[in-house]
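Chains as they are written, first to last, in the numbering used here: chain A, 1 to 116; chain B, 1001 to 1114. In this text, a Cβ means the ideal position worked out from N, Cα and C, and glycines have one as well.
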Amino acid sequence: GENVEQHPSTLSVQEGDSAVIKCTYSDSASNYFPWYKQELGKRPQLIIDIRSNVGEKKDQRIAVTLNKTAKHFSLHITETQPEDSAVYFCAAFPVMFSGGYNKLIFGAGTRLAVHP
Amino acid sequence: NAGVTQTPKFQVLKTGQSMTLQCAQDMNHNSMYWYRQDPGMGLRLIYYSASEGTTDKGEVPNGYNVSRLNKREFSLRLESAAPSQTSVYFCASSAGTENTGELFFGEGSRLTVL
């Protein structure tokens, strides 16, 4: 089955700096890669996702890149702000269109701290 | 606009006791999931239900059972709780269609087994 590794486990940056979180996956059949943000004591929420037919996707200050050959994908946050402080999870799995479900496998998470 | 609602939010059990975590969604989603979250281990899938009437094991199913009562509700049962089941449990749902893979999570249930 799929295995997702995420690095680093903790990341500390100054406000305004960029932050990069990297994930690798094992199943070459995986074609859907979402990122979730979990603020302290809250539920995880989707912030961005990418499918395998796209190499990069941006949404304002966040972007995700995908390298299918190397089986890794990354989350990039530019101009970080204190409200970006949270735990970020990557995930991967084949999207089962016929089955109609997403059996996502998550990475262990990265705790990002943005210092003013 | 409730989304995914799970109860209880907090529970303390003694080893060997049983309990059921309840989950309901009002988004007419086909698929529902139960995850557990432990420090340093991310979110691990316990069981999922692709559609009403079907359930299947995830990564860590041992010690748990589930019931997809109807399209809205998906419950998780611990028959004989163990300290290793101390965790935060999240229920989630998704539309289960080709165009979106987003999971919508409940607020979580913190379970402590003594």
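Spanning the alpha carbons of residue 9/A and residue 86/A requires a straight line of approximately 12 Å.
Residues of chain B with a Cβ closer than 7 Å to the Cβ of residue 89/A are, in chain order, 1042 and 1043. Chain-ordered, the chain B residues with CB closer than 7 Å to the CB of residue 106/A read 1042 and 1043.
Exposure of residue 12/A is indicated by the presence of fewer than 16 other C-beta atoms within 10 angstroms of its C-beta. Think of a sphere of 8 Å around the beta carbon of residue 1105/B: the chain A residues whose beta carbon falls inside it are 43, 44 and 45, in chain order.
Assignment of residue 56/A by DSSP, reduced to helix, strand and coil, places it in the strand class. Counting along the chain, residue 1027/B sits inside no beta strand (DSSP E), nor does DSSP assign it H or E at all. Put simply, of 116/A, 113/A and 91/A the residue whose alpha carbon is nearest the alpha carbon of residue 2/A is 91/A. Ranking 37/A, 33/A and 18/A by CA distance to the CA of residue 25/A puts 33/A first. Assignment of beta-bridge partners to residue 104/A by DSSP yields no partner. Interface residue (Cβ-Cβ distance to chain A less than 7 Å): residue 1101/B is classified as such.
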